[in-house]
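One structure below.
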Amino acid sequence: MSRTREVTLCSLYSLPVVFVGIKPPELKKTISPFALNFQLGNFADICIEYCDSVDQNLQMVEKGTSLLKKMEISVAEAEKRTGKNAVNMQETYTVYLIETRPVDAASEGTNPVPDSLWRRYSEFEQLRNYLLVTYPFLVVPPLPEKRAEFVWHKLSADNMDPDFVERRRVGLENFLLRVASHPDLSTDKIFYSFLTEENGWKETVFETGFQAKADSRLKALNATFRVKNPDKRFAEMKHYGDELQSVISQLLRVRARAADRLYGVYKVHGNYGRVFSEWSAIEKEMGDGLQSAGHHMDAYAASVDDILEEEEHYADQLKEYLFYADALRAVCRKHELTQYELEMAAQDLTSKKQQREELATGTIRTFSLKGMTSKLFGQETPEQREAKLKMLETQIEEGEELVKERNGECEEFVKSAWVDIERFKEQKDHDLREALISYAIMQISMCKKGIQVWNNAKECFSKM
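Quick note, the sequence shown lines up with residues 1 to 464 if you use full-length UniProt numbering.
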């Protein structure tokens, strides 16, 4: 058993006692176990109970165990607030209530009050940026869209619209659950503090210095075009990410156009209802049947709002993988940058070795910089040549170490990244298959309801 605060048994007859937060009875520096038992009584048990209670949260982030197995996480609600921004201007923004509670409490039948705190969307962005920089070899789960995309005409594009805020709340909860279930990301202490520490979290994440480690877009673009030996697997995966994003974008556009037309078709049925109701007023024998048919048409027209709201749920699942595609490409771009840095280090080492060889043999290339300076300023003295040789030897040793280091980084990146890419592919296949099947089932159910409405109308007409 190992804990941060614990009783450590160093040998059978010598027991140093280490506690933080609980003061033990005064003891000699080393005592026998029997004397310890006699003097402490139940003190050890009390301390172990204390350790269990204090360290419960620390054990949540044990390496190799996903946080989701030990903690329930939810984004319970969203709230609109007004305050002053960085330039002292009034602004309206949305905050989200994160609630957490230990899984053990739920399994034991108790229902403790969950720990809760409020976070803005910008703080979620900050967390994800930190994860991207800290774990460049992982496909980091994406955040939901900040502003609505692929909307159809009835859907509001306002990011303060209640329906949009609710969908974003669900998306933010899904983001937290994705991270908490990830075998590596879930053990990150900054992520854990994001869930549990409302005050001081921003300062903690800035202290990691993650912003200084972020690669510039220009640097990544330069690596993309100048890398000489790209890994074929990562090149293919990057191309796949491009294609996946393109396909899902087209699918979402088609779905938005279909939603527009479907909404129109359903609402036109409301005109059937109005006309049948007006017609029933001038008929005596046919009046009841026409009015009943009109009611069925009105109900059918009104049902489209719930149908398209459910469709938005499946559209959001597709959007998640639209953004996942960019996360996948980010891993591939980082690999290109890692490979480029390795190639640059190897190229610099080769150049230094060539310079050493030229100095050692006295060979001077006519059209080299050294050849031109020799013609202009004359030959170097033996002492100058010796000093340069020593400097080059030092630089070559450093260069060899750098190449070795870069090569190790590249190999480790490839190994870790490919494991996570395989995990992501399994997750993607499962999630998209489930989403598309559920969407098909919903469409079948919608068509069956339409058939039922017209069957009901048929019965109404038959009774006239």
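For every residue, glycine included, the Cβ atom is placed at its ideal position computed from N, Cα and C.
Here the structure is a predicted model, which is why all the values come from computation and not from measurement.
Glu309 places its beta carbon 8 Å or farther from that of Asn229. Counting along the chain, no alpha helix (DSSP H) covers Leu67, and no H or E run does either. If you keep only unbroken alpha helix (DSSP H) runs of at least 4 residues inside the stretch 78 to 127, you get 103 to 107. The continuous alpha helix (DSSP H) containing Lys428 extends over residues Pro382 to Ser462. Here Val140 carries a coil assignment [DSSP, helix/strand/coil]. Ser74 carries a strand assignment under DSSP once its states are collapsed to helix, strand and coil. Cβ-Cβ distances below 8 Å link Tyr130 to Ile190, Val205, Thr208 and Phe210 in the same chain, with the five nearest sequence neighbours on each side left out; the list follows chain order. Between the stretch 232 to 246 and the stretch 319 to 331 there are three or more inter-stretch CB-CB distances shorter than 8 Å, so the stretches are counted as touching. When secondary structure is reduced to three states using DSSP, Gly289 falls in the helix class.
For Met160, the secondary structure class from DSSP, reduced to helix, strand or coil, is coil. The straight-line gap separating the alpha-carbon atoms of Asp260 and Pro144 is approximately 23 Å. For the options Glu412, Ser462, Gln443 and Thr196, the alpha carbon positioned closest to that of Pro102 is the one of Thr196. One Cα belongs to Lys390, the other to Tyr321, and the distance between them is close to 55 Å. In this structure, the straight-line span from the alpha carbon of Leu67 to that of Val179 is close to 9 Å. Assignment of Ala235 by DSSP, reduced to helix, strand and coil, places it in the helix class.
Annotation for His335: the continuous alpha helix (DSSP H) segment containing it runs Val304 to Thr361. Residues of the same chain with a CB within less than 7 Å of the CB of Lys352, apart from the 5 flanking positions on each side, are Leu392, Gln395, Ile396 and Gly399 in chain order.
In the DSSP assignment, Lys284 falls outside any alpha helix (DSSP H) and carries neither an H nor an E. Comparing alpha-carbon positions, the option among Thr350, Glu285 and Trp279 lying closest to His295 turns out to be Trp279. Pairing Asp348 with Leu337, the inter-Cα distance amounts to about 16 Å. Residue environment for Val403: buried (at least 16 other C-beta atoms within 10 angstroms of its C-beta). With respect to the 8 Å criterion, Gly83 and Glu77 are not classified as neighbours on the basis of their beta carbons.
Between Phe323 and Pro112 the beta-carbon gap is near 35 Å, outside 8 Å, which marks them as no contact. Across the structure, Ala387 and Glu405 are spaced so that their CA atoms are roughly 27 Å apart.
Straight across, the Cα-Cα distance linking Cys460 with Leu252 is about 39 Å.
Per DSSP, the continuous alpha helix (DSSP H) segment holding Leu195 begins and ends at Lys189 to Thr196. Listed in chain order, the non-local C-beta contacts of Glu72 below 7 Å within the same chain comprise Thr100, Arg101, Val103 and Ala106, local neighbours out to five positions each way being set aside. With respect to Phe137, Phe413 sits close: the two C-beta atoms are nearer than 8 Å. Going by DSSP, Ala212 is part of the alpha helix (DSSP H) stretching over Phe210 to Lys213. Where Glu207 is concerned, the enclosing alpha helix (DSSP H) starts and stops at Trp201 to Glu207. The residues Gly289, in chain order, have a CB closer than 6 Å to that of Lys463 in the same chain once the five nearest residues on each side in sequence are set aside. Between the alpha carbons of Phe175 and Glu149 lies a gap of roughly 18 Å. With contacts defined by Cβ atoms closer than 8 Å, Gly200 and Cys332 do not form a contacting pair. Between Lys202 and Val133 a beta carbon distance of about 16 Å is seen, past the 8 Å cut, so the two are scored as non-contacting. One thing to note: Tyr96 has its Cβ within 8 Å of the Cβ of Arg119.
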